[in-house]
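Down below is the structure, laid out as structure tokens.
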Amino acid sequence: GYGNPPKTQEEYFTRLRGLTLALLDNPNHFGFVYTQLTDVEQEKNGVYTYDRKPKF
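Right under this line is the structure:
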């Protein structure tokens, strides 16, 4: 993502919960997908680093 990355696993899940609740509150949404488990060259928003090491 964009902005500062979470520093702890707890902070990550707090952010994820907020995003998830915002989606679930909208009656026009029927699902969502988290598409990147790992970082890639141009984006650093995965749960794991580019070389597949845990961030937390």
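Take the sequence shown: its letter number 28 is residue 644 in the working numbering, and every next letter is one higher.
Each residue gets a CB set at the ideal place from its N, CA and C atoms; glycine is no exception.
| Check | Outcome |
| --- | --- |
| Apart from the five residues on each side of it in sequence, which residues of its chain come closer than 8 Å, Cβ to Cβ, to Lys623? | none |
| So, at 7 Å on beta carbons, what are the nonlocal neighbours of Val663 in its own chain, with the 5 sequence-adjacent residues on each side left out? | Leu653, Lys671 |
| Alpha carbons only, please: which of Tyr666, Glu626, Leu639 is nearest the one belonging to Tyr650? | Leu639 |
| Put Tyr666 into one of helix, strand or coil per three-state DSSP. | coil |
| Please classify Thr624: does DSSP put it in a helix, a strand, or coil? | coil |
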